[in-house]
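Remarks on the structure that follows.
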Amino acid sequence: MEQPHALLVASPGLGHLIPILELGNRLSSVLNFRVTVLAVTSGSSSLAETEAIRAVVARGTCEVTELPSVDIDYFVEPDATVFTKIVEKMRATKPVVQDAIKLMTQKPTVMIVDFLGTGMMSIADDVGMAKYVYVASHAWFLAVLVYLPVLDKVVEGEYIDIKEPMKIPGCRPVGADDLMETMLDRSNRHYRECVRCGEEIPMTMSDGVLVNTWEELQGNTLAALMEDGELSRVMKVPVYAIGPIVRPNGPTIVRQTTGKVSIVCVFRQWWNAVFGANDRTCMWIRVKWSKVYVGSA
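Our numbering applies: residue 21 is where the sequence shown begins, and numbers increase by one.
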């Protein structure tokens, strides 16, 4: 079986880059993927971004390419928010990503983007890749994001003016204090971009969503997203809880040998969905996971 090749695209900014790099490290070390990370830049990388990339490259788990910055001044207002600029930057970088794929000797098998990169998923269709969205925060954020287009239609006025928390089917209600800043000003372009992200994640544009959580932590929210119900009908595509995926804080290496069965099963489900793996392959995944090291190598 040929080694699968995952293409991960990171949005500009350290907060988007690190989760993608750590996901790439997990795919490489646990599932023996070849991993290529394309890092979309906002111009010049910060020292922290450069160090994060160097650390991953030093591990030997991912190939990382920083894509040249694309000028978006024509597409955004001078006072546009950072969120709007990032979304537009991802949209404008699509041809650069397409060119990068053409230069690869081994074409990727699967493409994974963060929730700001949903506009790139049509690239996967062009070359026959599976395509997934990675939500690095948690399942409740995913639930709020995909339900936002519904709230946008049924709620009048600004969310911040609503006294009672708004209901998310099967989940904890959401109050204005829980919403991202980009969701609060409905007259701003960044709000429309946020709604668009919520619409594109569950549409047929993606084959599923990988979310950085686990069953024991957010079982009720995951059930609402995946089982038959109002929220799952909005979600439409499979949700895979693959967490916890965290960045190591230091050089300590901890060997994990137990308590990973549920996460292995999720990886198994995702692997089957993408590659149609057989039981022998899935057993190999289980063995690989039982020998995972968590920490910087």
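Using N, Cα and C, we set each Cβ at its ideal position, and we do this for glycine too.
Residue i versus residue j - alpha carbon distance
i	j	result
residue 26	residue 249	32 Å
residue 120	residue 211	31 Å
residue 14	residue 225	What the structure shows of the chain is the stretch from 21 to 317, and residue 14 is not part of that stretch, so it cannot be assessed.
residue 167	residue 218	7 Å
residue 144	residue 188	31 Å
residue 260	residue 33	25 Å
residue 10	residue 90	Since the first and last residues shown for the chain are 21 and 317, residue 10 lies out of range.
residue 40	residue 234	18 Å
residue 253	residue 78	43 Å
residue 283	residue 232	Any reading at residue 283 needs caution, since the residue's pLDDT is 45, under 50, leaving its predicted position unreliable; the model's value is listed next. Approximately 11 Å between the Cα atoms of the pair.
residue 24	residue 31	23 Å
residue 148	residue 182	45 Å
residue 44	residue 243	26 Å
residue 251	residue 47	29 Å
residue 71	residue 80	14 Å
residue 104	residue 213	7 Å
Local conformation of residue i per DSSP, three classes
i	result
residue 267	coil
residue 33	coil
residue 255	helix
residue 236	helix
residue 134	strand
residue 86	strand
residue 100	coil
residue 127	coil
residue 81	coil
residue 113	coil
residue 61	coil
Cβ-Cβ distance between residue i and residue j below 8 Å
i	j	result
residue 255	residue 222	yes
residue 92	residue 267	no
residue 152	residue 87	no
residue 57	residue 83	yes
residue 136	residue 180	no
residue 169	residue 215	yes
residue 55	residue 29	no
residue 178	residue 204	yes
Contact belief for residue i with residue j at Cβ below 8 Å, rounded distance in angstroms
i	j	result
residue 258	residue 228	4 Å
residue 109	residue 62	7 Å
Next on the checklist: In chain order, what are the residue ranges of uninterrupted alpha helix (DSSP H) at least 4 long that sit wholly in the segment 156-243?
Outcome noted: 159-174 and 209-220
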